[in-house]
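Following: one structure in structure tokens, then a few remarks.
In mature numbering (1 follows the signal peptide of the UniProt record, and there is no 0), the protein residues as written are -20 to -1, 1 to 390.
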């Protein structure tokens, strides 16, 4: 009982410290600044990356139709494009969650899509027989049902017919393809599902965006981890096609391009040689007591910067991996996608920086209760109450987690 009380008291203290976390992105870590160096180094990155785009890629499109916000991308193969992604996209830090420190994004999935994000990642748990988007535990942060999430994505795709979207779902409770497939079918989004030419090994040449759009198979779905099922051939085991860099980074100098998963492949170079697509995990956490980590929002301006000469910057890691792998990353995952904005780095990788069309502008600022224009004084009080409730709920969930081991944000 004494140890339980001690844990509760310690976590109460942690809740308080989490609420007091700095909310203004920028140079909080090791003296690294935020945006000052970004503008000059972005221009260097644009020049460097654009010069490395092949003649075929850089050829002027004869079509005025944009694919994924650029006519230049229509004729490119899916695996020859860098797709910027929102990590844990269903878990928000906004007024609806009382600005929960569990949240990884300030804006929801459809806002992200409209802003140019084309990869959406989330954790899926079985909560009383329903597949829910939950953050480590459904007691911690529940983003709603997978079916509702998929319906929202389908509605967006219905209205944006020239866009190819990628989903990456973490199968936290080892559910079967049948369980996932039934939800995809009931949401209606399965009609957009793409089935690749190989379901057992990486693919050297994926279709072009235009090919996927013309066939209306505009949804690529990877699930980690799941067994392939021919009944639902569009549900793709992630590590059959994709390799990832390390996640769980706790300092801005720890980002690297080393392969962490799948364990069946020895190195990133071996993965590239075998036609795996590379995914960069570029999100930092900050350590709390009891081995708990939370998203590092205090350094997010640096973390998501397109600068290529700043330690911990997104642009720096993207260029490093491109150099080490001999090929640009296919996927990148970030927290708080709007800050930076992170999409700049993908545009630079794709050689289309400053030449995109059809995107909705989203604030690049860190969202806080005081800065959120969607909340008036009455909703602010409601948010405060919700925030307090979420943190109490979070505290009890964490007491349970402490009993079984450390909490890691995936």
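In this text, a Cβ means the ideal position worked out from N, Cα and C, and glycines have one as well.
Can you list, in chain order, the residues of its chain whose CB lies under 8 Å from that of residue i, leaving out five sequence neighbours each side?
i: residue 53; result: 46, 47, 61, 189, 330 and 332
i: residue 175; result: 197, 213 and 214
i: residue 205; result: 151, 154, 217, 218 and 219
i: residue 350; result: none
i: residue 202; result: 146, 147, 148, 149, 216, 217, 218, 221 and 222
i: residue 93; result: 100, 133, 136, 140, 143 and 145
Taking 8 Å as the cut-off, decide whether the C-beta atoms of residue i and residue j are in contact.
i: residue 310; j: residue 257; result: yes
i: residue 64; j: residue 312; result: yes
i: residue 130; j: residue 97; result: no
i: residue 248; j: residue 227; result: no
i: residue 103; j: residue 118; result: no
i: residue 230; j: residue 266; result: yes
i: residue 144; j: residue 56; result: no
i: residue 342; j: residue 87; result: yes
i: residue 283; j: residue 232; result: yes
i: residue 72; j: residue 101; result: no
i: residue 319; j: residue 346; result: yes
i: residue 327; j: residue 336; result: yes
i: residue 235; j: residue 85; result: no
i: residue 252; j: residue 173; result: no
i: residue 77; j: residue 120; result: no
How is residue i classed by DSSP in three states: helix, strand or coil?
i: residue 331; result: coil
i: residue 255; result: coil
i: residue 227; result: coil
i: residue 86; result: coil
i: residue 53; result: helix
i: residue 280; result: helix
i: residue 189; result: helix
i: residue 125; result: strand
i: residue 237; result: coil
i: residue 200; result: strand
i: residue 151; result: strand
i: residue 316; result: coil
i: residue 271; result: helix
i: residue 93; result: helix
i: residue 244; result: coil
i: residue 159; result: helix
i: residue 304; result: helix
i: residue 169; result: helix
i: residue 393; result: No answer is possible for residue 393: the residues shown for the chain start at -20 and end at 390.
i: residue 265; result: strand
i: residue 322; result: coil
i: residue 78; result: coil
i: residue 164; result: helix
i: residue 311; result: strand
i: residue 110; result: strand
i: residue 409; result: In the structure as shown, the chain begins at -20 and stops at 390. Residue 409 is therefore absent and cannot be evaluated.
i: residue 117; result: strand
i: residue 100; result: strand
Quick one: using the 10 Å Cβ neighbour count with 16 as the cut-off for buried, is residue i buried or exposed?
i: residue 111; result: buried
i: residue 276; result: buried
i: residue 109; result: exposed
i: residue 83; result: buried
i: residue 138; result: exposed
i: residue 49; result: buried
i: residue 334; result: exposed
i: residue 246; result: exposed
i: residue 177; result: exposed
i: residue 243; result: exposed
i: residue 285; result: buried
i: residue 157; result: buried
i: residue 325; result: buried
i: residue 402; result: The requested residue 402 is not part of the displayed model; the chain covers only -20 to 390.
i: residue 11; result: Any reading at residue 11 needs caution, since the residue's pLDDT is 29, under 50, leaving its predicted position unreliable; the model's value is listed next. Counting Cβ neighbours within 10 Å, residue 11 comes out exposed, since fewer than 16 surround it.
i: residue 116; result: buried
i: residue 123; result: buried
i: residue 250; result: exposed
i: residue 211; result: exposed
i: residue 195; result: exposed
Within the 8 Å Cβ cut-off, does residue i reach chain D?
i: residue 70; result: In summary, chain D is missing from the structure at hand, where a single protein chain is found.
Round the Cβ separation of residue i and residue j to the nearest angstrom and send it over; I've been treating them as touching at under 8 Å.
i: residue 321; j: residue 344; result: 5 Å
i: residue 181; j: residue 133; result: In fact, because the Cβ distance is near 28 Å, the residues do not count as touching under 8 Å.
i: residue 264; j: residue 279; result: 6 Å
i: residue 272; j: residue 301; result: Actually they do not touch by this definition, with Cβ atoms about 29 Å apart.
Please work out which residues of its chain come closer than 7 Å, Cβ to Cβ, to residue i, disregarding the five sequence neighbours upstream and downstream, and give them in chain order.
i: residue 127; result: 163, 166 and 167
i: residue 106; result: 153 and 155
i: residue 142; result: 45, 46, 47 and 193
i: residue 255; result: 182, 183 and 184
Can you list, in chain order, the residues of its chain whose CB lies under 6 Å from that of residue i, leaving out five sequence neighbours each side?
i: residue 208; result: 179 and 217
i: residue 323; result: 64 and 96
i: residue 99; result: 63, 65, 146 and 311
i: residue 304; result: 237
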